[in-house]
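In the UniProt record's numbering, the protein residues as written are 1 to 89.
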C-alpha cells in the first residue's frame with residue numbers, strides 16, 4: 001500500500017556527492033562493470049546498479065541501510081524513487 005504523500009521525497013534534496021562517480025560501488029569492488037543503469041542514494045552518496053542489472057546493488061543498499069530515496073544517476077534523468085512509500089518523485 002502506498003502513502004498519499006511521501007515525506008522522504010520532500011526531504012531528499014539531492015545535495016549529495018557520489019562516492020564512486022565512475023560506477024556501481026559493489027560491482028567495481030568485485031571487478032565487474034556490467035550494470036545496466038546506476039542509482040544514487042540521496043542519503044549517503046552510494047552508487048549502485050539498478051534492479052534490471054544482475055546484482056541489484058541499489059536496492060540491496062536500501063535493504064541494508066534503510067536509506068529511503070535514490071535518484072537516477074544517468075545523464076539527462078532527474079527522477080527520484082522512494083523505496084519506503086513506493087513513490088516516484
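By construction, the Cβ of each residue, glycine as well, lies at the ideal position given by its N, Cα and C atoms.
Presumed contact (8 Å Cβ cut-off) between residue i and residue j, rounded CB distance
i	j	result
residue 58	residue 39	4 Å
First through last residue of the beta strand (DSSP E) which encompasses residue i
i	result
residue 39	38-41
residue 81	80-82
residue 71	69-72
Delimiting residues of the alpha helix (DSSP H) encompassing residue i
i	result
residue 63	57-65
residue 27	25-29
residue 10	7-11
Assigned exposure category for residue i - 16 Cβ within 10 Å defines buried
i	result
residue 42	buried
residue 49	buried
residue 25	buried
residue 21	exposed
Beta-bridge pairing of residue i - partner residues as DSSP gives them
i	result
residue 48	39
residue 87	82
Cβ-heavy atom distance, residue i to the ligand COA, below 6 Å
i	result
residue 5	Of ligands this structure carries none, so the ligand COA is not represented either.
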